[in-house]
Structure formats: C-alpha cells, structure tokens
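Chains as they are written, first to last, in our numbering: chain A, 1405 to 1514; chain B, 1405 to 1514.
Have a look at the structure below, then the notes.
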DNA sequence: TTTAGTACCTTGCGATACAAGGTATCAAAA
DNA sequence: TTTTGATACCTTGTATCGCAAGGTACTAAA
C-alpha cells in the first residue's frame, strides 16, 4: 500500500523530467531507443517501450530530434536519434526551468 | 509555438513535484485551498482550482491530510488542511525521492 | 526450419491536469 | 432590502499521456 504510494510518487517525479533526461542523454551521444532505455535505467530513471516510442516520435515531430537508420551486425537495423539545433535550444531552456524548480523546492523545504 | 513548448515543459516538471510542494507548504503551516494556490503561485508553482481540489481530496483519502472547518470574518468558512503523521512520513520519502532525482540529473547533465 | 536475441511499433485502458461552469457565504453599496 | 463584489468551496467534460500487453521483422545459431 504505502510502498505502492511511494513508487507512484517517484514515478510521477520521474515523468516530469523524462523528456529532459532523454535530451540530456542524446546531448552526449546519439542513441537508439533500446539503448536509451538501458542508459536511463542505469541512471535509475525507469522508462518502458510503450512510453518511450511515442515520446521520441513526439519530440521528433516537434523538431527536437532527428534520426538515421544504421545497420547492425546482430539484429534488425537501429534507429539512431540525434539532437537538432532546436533540440539543443530547448535543452537549454529545460536547464533553466529545472534550476528554477530545484531552487523553488530548496526554499519550500527550508 | 516554441514558447508554448517551453511552457509545456515547465508545467510538466511542475506537475511532477506538485504533490511534494503541497505537503511541503502544509508542513510549515496549515492552510486552506485558496491560500495554498497563492503560496504556490508566489513560489512560481502555478496550480489552478480544478487541479488542486481533486488532488487535496486524493491526498486526504490516502490519509496524508486531514482538515477542519474554520469560520472566516470575510466570506464563507475555510477548509484548513493539515498534515497527518502518515503525511509527514510520506513527505520524508518524497525528500529522498527528490534528492535521488536531483542527483541523477546532476550526473546526466554533467 | 525452428528458436533465441534484438529491435522496432501500436492498441486500449486508466489516471489526471485543466478550462469552464456552478454553488454558497458575507459585507457593503445602491 | 436587494444587488454587487469578494471570497471560498466544488464538479464536469475534454484531452493528454504513461504503461501493460501484444505484435512485426531481422539475424544468427542450433
């Protein structure tokens, strides 16, 4: 019960920054969807396929991401996503928004 | 367009921590709904009635909040919300979850 | 030619944020 | 004494979105 409650709270917080996390990861290196899922899981941000795929499509449609296909030696081709210039701009805006929220919570919890 | 985009991003981030903010405010002082809205607005967390009322009811039903009615000299009676013991426990869990996410983003953006 | 591994994507349900609209109380002005 | 304005409560309907579940396709090895 309470456990569940807390998991909900965490996932709610994670959801709020999910797009920010995706752009942050892609800012360092291009990546394909399954790879992204693993990198985010390593960073303790849980995200599943059914969440990620539509989200990547949305971000691509907003012009934040572009992609290219690359052949793989061990399975089907991979769709590598990369940040666009607009994506980098938006990422900077996210940095600001994030800083603001962190400050806000510092104050609220002080 | 882009403006809108960024507003969406901000509000998404805000949404993720909204419950945390509410409990944080109530941890300092009991408050009634309209008062909460103003305090959060001052802290740059925008929340509207249609969001807050159902959310307070949810938190009350989860046993995190309790309320009492108090007469007011300038209008209808006010429903003052207060943190329960369970609410305080959950708030501490939120502190942990929040710290974890802040650390995660520090690393992702480093 | 079947199985295992990897990678892509979609569908349907449930939760929820928010705009808009509604009710009730009190006090002061008309 | 009725209307207006301020304050406070709450609900309804719509749209969005996360996630579980299910589905397709390619490659290599058994």
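We put the CB at the ideal spot given by N, CA and C, even for glycine.
State the DSSP-derived secondary structure class of residue 1470 (chain B), mapped to helix, strand or coil. Along the second chain, one-based indexing puts residue 1470 (chain B) at 66. DSSP places residue 1470 (chain B) in strand when its eight states are reduced to three.
Closer than 8 Å at the beta carbon, the chain A residues around residue 1420 (chain B): By 1-based counting over the second chain, the position of residue 1420 (chain B) is 16. Here the neighbours are 1416, 1417, 1418, 1419, 1420 and 1421.
Measuring CB to CB, does residue 1413 (chain B) end up less than 8 Å from residue 1493 (chain A)? Position 9 of the second chain, counting from 1, holds the residue named residue 1413 (chain B). Position 89 of the first chain, counting from 1, holds the residue named residue 1493 (chain A). No, these two residues do not count as a Cβ contact at 8 Å.
Any C-beta of chain B sitting closer than 8 Å to the C-beta of residue 1466 (chain A)? Translated into the one-based positions of the first chain, residue 1466 (chain A) becomes position 62. For residue 1466 (chain A), the closest Cβ of chain B is nearer than 8 Å.
Whole angstroms are fine: how far does the CA of residue 1485 (chain A) sit from the CA of residue 1476 (chain A)? Your numbering for residue 1476 (chain A) matches position 72 in the first chain. Your numbering for residue 1485 (chain A) matches position 81 in the first chain. Per the coordinates, the alpha-carbon of residue 1476 (chain A) lies some 15 Å from the alpha-carbon of residue 1485 (chain A).
What number of angstroms, rounded off, separates the C-alpha of residue 1497 (chain B) from the C-alpha of residue 1474 (chain B)? Against the second chain, residue 1497 (chain B) aligns to sequence position 93. Against the second chain, residue 1474 (chain B) aligns to sequence position 70. Going by the C-alpha atoms only, they are around 30 Å apart.
Comparing alpha-carbon positions, which option in B:1510, B:1457, B:1487 and B:1438 lies nearest residue 1479 (chain B)? Within the second chain, numbered from 1, the residue matching residue 1479 (chain B) stands at position 75. Relative to the Cα of residue 1479 (chain B), the nearest Cα in the group B:1510, B:1457, B:1487 and B:1438 belongs to B:1438.
With 8 Å as the threshold, decide whether the Cβ of residue 1494 (chain B) is near any Cβ in chain A. Mapped onto the second chain, residue 1494 (chain B) falls at position 90. Residue 1494 (chain B) counts as touching chain A.
Burial state of residue 1432 (chain B), where buried means 16 or more other Cβ atoms lie within 10 Å: As a first step, residue 1432 (chain B) is located in the second chain; it is residue number 28 there, counting from the start. With fewer than 16 other Cβ atoms inside 10 Å of its own Cβ, residue 1432 (chain B) counts as exposed.
Buried versus exposed, by CB contacts within 10 Å (16 or more), residue 1491 (chain B): Counted from its first residue, the second chain places residue 1491 (chain B) at position 87. Burial call: buried.
What does residue 1502 (chain B) reach in chain A if we use C-beta pairs closer than 7 Å? What you label residue 1502 (chain B) is simply residue 98 of the second chain in a count that begins at 1. Close to residue 1502 (chain B), with beta-carbon spacing below 7 Å, are these residues of chain A in chain order: 1417 and 1509.
Could you name the residues of the same chain whose beta carbon sits closer than 8 Å to that of residue 1415 (chain A), not counting the 5 residues immediately before and after it, in chain order? Counting from one through the first chain, the residue named residue 1415 (chain A) turns up at place 11. Correct list, in chain order: 1450.
Could you name the residues of the region 1456-1481 of chain B whose beta carbon sits closer than 8 Å to any beta carbon of chain A, in the order they occur along the chain? Residues passing the 8 Å Cβ filter: 1466.
Cβ neighbour criterion (16 or more within 10 Å) applied to residue 1418 (chain B): One-based indexing of the second chain puts residue 1418 (chain B) at position 14. Residue 1418 (chain B) comes out buried.
Close-in-space but distant-in-sequence residues of the same chain around residue 1483 (chain A) (CB under 7 Å, 5 per side omitted): By one-based count along the first chain, residue 1483 (chain A) stands at place 79. Close CB contacts of residue 1483 (chain A) within its chain, under the 7 Å cut and outside five residues either way in sequence, are with 1436, 1437, 1471 and 1473 (chain order).
Which runs of the beta strand (DSSP E) fall wholly inside the region 1426-1482 of chain B and span at least 3 residues, in chain order? Counting only runs that start and end inside the region 1426-1482 of chain B, the beta strand (DSSP E) elements of at least 3 residues fall at 1469-1474.
Considering only the beta carbon of each residue, do residue 1469 (chain B) and residue 1487 (chain B) sit closer than 8 Å? Locating residue 1469 (chain B) in the second chain gives position 65, counting from the first residue. Locating residue 1487 (chain B) in the second chain gives position 83, counting from the first residue. The answer is yes: Cβ separation under 8 Å.
Check whether the Cβ atoms of residue 1505 (chain A) and residue 1421 (chain B) lie closer than 8 Å to each other. The sequence position of residue 1505 (chain A) within the first chain is 101, counting from 1. The sequence position of residue 1421 (chain B) within the second chain is 17, counting from 1. The answer is yes: Cβ separation under 8 Å.
For residue 1426 (chain A), is the classification buried or exposed, using 16 other Cβ atoms within 10 angstroms of its Cβ as the cut-off for buried? Along the first chain, one-based indexing puts residue 1426 (chain A) at 22. Within a 10 Å sphere around the beta-carbon of residue 1426 (chain A) sit 16 or more other beta-carbons, which makes this residue buried.
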